[in-house]
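For the sequence shown, this note's numbering assigns the number 10 to the initial residue and increments by one for each residue that follows.
Notes to accompany the following structure.
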Amino acid sequence: MSLIALFSSACTTVQPWERANLAKNEMAINSDPMQAAFSQHVYTSKESTSGSSSGAGGGCGCN
């Protein structure tokens with residue numbers, strides 16, 4: 010019974026006056042998309058893998 014109460018208490022409706030706070034850039038997973046893309050490029054270049062990104066190459070990141 011307590012498990013049902015725990016899961017049902019997490020659902021809530023966002024009121025119109027609360028949506029402005031949720032729409033701020035700070036609330037996004039990646040608040041700066043250019044910085045996130047650059048960091049992903051550096052990571053894949055250093056790791057010499059392409060992983061889930063569409064970039065190819067490795068090493069110095071010159072590609």
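Just so you know, even glycine gets a beta-carbon here, dropped at the ideal spot from N, CA and C.
For the 8 angstroms CB-CB criterion, residue 39 and residue 45 form a contact. If you draw a 10 Å sphere on the C-beta of residue 53, you find 16 or more other C-beta atoms in it, and that means buried. Here the C-alpha atom of residue 27 lies approximately 41 angstroms from the C-alpha atom of residue 55. Residue 55 carries a helical assignment under DSSP once its states are collapsed to helix, strand and coil.
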